[in-house]
Each structure stands twice: as C-alpha cells, then as structure tokens.
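Visitor: Start counting at 1 in the sequence shown, then tack on 614, and there's your number in the working numbering.
Virtual Cβ for every residue (Gly too), placed ideally from N, Cα, C.
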Amino acid sequence: EIQDKFGYDLPVASIRLSTLDEGTTVRPHCGSGNHKVRVQLPLYVPQRCRWFGTFFCGVQAGNERRGYKEGKVVILDDSYIHHVWNNSPEPRSVIFVDVWVK
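#1: Run through DSSP, which three-state label would CYS644 get?
#2: Out of curiosity, what's the CA-to-CA distance linking VAL715 and SER646?
#3: Go ahead and pull the three-state DSSP assignment for GLY685.
#4: Skipping 5 residues on each side, what residues in its chain have a beta carbon closer than 6 angstroms to that of PRO642?
#5: Restricting to Cα atoms, I'd like to know which of ASP692, PHE669, ASP691 is closest to GLY681.
#6: Could you check if LYS686 is buried or exposed, using at least 16 other CB atoms within 10 Å of its CB as the buried criterion?
#7: Which residues mark the beginning and the end of the beta strand (DSSP E) in which PHE666 is found?
#8: Starting from the Cα of GLU704, find the closest Cα among THR638, ASP691, ARG652 and give me that residue.
#9: Using the three-state DSSP reduction, which class does PHE670 fall into: helix, strand or coil?
Next up, the structure:
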C-alpha cells in the first residue's frame with residue numbers, strides 16, 4: 615500500500631500510451647472486475663474525428679458513446695463491456711491512466 619508523507623492512502627495507478635492505427639477496431643471486452651477506473655486523455659485525434667465525432671473514432675461503454683477531443687478526458691468504468699474504433703485514415707493517440715479504487 616502506498617502512502618504519502620501524511621499517511622493518507624494514495625490511489626494506485628498505471629499509465630501507458632495507446633496508439634490505435636487507422637482502420638482499427640478493438641473488439642468489445644471488459645476488465646477483470648470493478649476495481650479500476652480508466653481515464654483516457656487524447657493527445658492526437660485525427661482531423662476527421664474532430665469534424666465528424668464518433669462516426670470515425672470513439673469509445674463505447676455500455677450504451678454510452680463518446681468521441682475524442684484533444685485535451686478532454688474520457689473516464690470509464692473498465693468493468694463494463696467497452697470497445698474503441700478508429701475509422702479515420704490516421705492513427706489516434708491516447709494516454710491511459712488506470713486508477714484502482716477500493
């Protein structure tokens with residue numbers, strides 16, 4: 615367990631860069647349990663995705679769909695079935711921060 619200098623528990627997290635190539639879909643999947651929240655911070659969103667939203671690229675968790683906008687976070691519960699797609703002619707890049715919750 616990680617604690618700061620005052621003894622409070624800090625959330626445990628992992629950070630990684632995800633680049634989804636053009637014309638790629640990640641099939642629906644879910645995490646191993648309801649112990650984490652995934653924060654996605656888009657770094658590069660292809661122009662078509664910025665213009666046309668979820669038609670070209672986005673994420674869906676449950677029945678909710680979201681497009682990506684550079685600098686605007688998307689937060690989802692990893693335990694729900696979710697998938698992502700990039701139907702644009704360019705890759706998109708997102709930083710994932712998985713935060714484990716108690």
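Guide: Per the coordinate set shown:
#1: Residue 644 sits at position 30 when you count from the first residue of the sequence shown. CYS644: coil per DSSP, three-state reduction.
#2: What you label residue 715 is simply residue 101 of the sequence shown in a count that begins at 1. What you label residue 646 is simply residue 32 of the sequence shown in a count that begins at 1. Going by the C-alpha atoms only, they are around 13 angstroms apart.
#3: The residue labelled residue 685 in the question sits at position 71 within the sequence shown. Residue state, collapsed to three classes: coil.
#4: Locating residue 642 in the sequence shown gives position 28, where the first residue counts as 1. Excluding residues within five positions, the ones whose Cβ falls inside 6 angstroms are ILE695, HIS697.
#5: The residue labelled residue 681 in the question sits at position 67 within the sequence shown. Nearest to GLY681 by C-alpha distance, out of ASP692, PHE669, ASP691, is PHE669.
#6: Counting from 1 along the sequence shown, the entry for residue 686 is found at position 72. Exposed is the call here.
#7: On the sequence shown, residue 666 is found 52 positions in, with the first residue counted as 1. Run containing PHE666: none in the beta strand (DSSP E); it sits in the alpha helix (DSSP H), 661 to 666.
#8: Mapped onto the sequence shown, residue 704 falls at position 90. Comparing Cα-Cα distances from GLU704 to each of THR638, ASP691, ARG652, the minimum goes to THR638.
#9: Sequence index remark: in the sequence shown, residue 670 carries index 56 (1-based). Coil at PHE670, not helix or strand.
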